[in-house]
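Under our numbering, the letters of the sequence shown match residues 151 to 227, in that order.
Below you'll find the structure, written out as structure tokens, and then a few comments.
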Amino acid sequence: MSNHSFPRPEEPTPRQAREAVAGRCDACGESALMRYPLLSEGGWYLVVKCQSCLHSQQREKWQRLGHVTLLTDALAC
151 MSNHSFPRPE
161 EPTPRQAREA
171 VAGRCDACGE
181 SALMRYPLLS
191 EGGWYLVVKC
201 QSCLHSQQRE
211 KWQRLGHVTL
221 LTDALAC
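Here it is in structure tokens:
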């Protein structure tokens, strides 16, 4: 049985896409800010972090399962 539907990934490890953000870090002053999803003990967050010192410039609660959206989450109560 061949696995033509799901080819083996070419990358050795998965990588989260990051979006560059204009501005400077409040902690170190570098202009190396990136926005990306982050999973922590409190759940999923969308964060803006300095890539030089890892200071969290911005942190907002995201969907409870990250990239996965449940139908029940999309329904209005």
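Note that CB positions come from ideal geometry on N, CA and C, so glycine has one too.
Quick check on the DSSP output: the alpha helix (DSSP H) that includes Ala170 runs from which residue to which? It is not in any alpha helix (DSSP H) - Ala170 instead sits in the beta strand (DSSP E) that spans Glu169 to Val171.
Three-way DSSP call (helix, strand, coil) for Leu196 in this model: Leu196 falls in the strand class under three-state DSSP.
So, are the CB atoms of Tyr186 and Trp212 less than 8 Å apart? Tyr186 places its beta carbon 8 Å or farther from that of Trp212.
Given Arg168, which residues of its chain have a CB within under 6 Å of its CB, disregarding the five upstream and five downstream residues? These residues qualify, in order along the chain: Met184 and Tyr186.
Which residue marks the beginning of the beta strand (DSSP E) containing Leu183, and which one marks its end? Start and end: Leu183 to Ser190.
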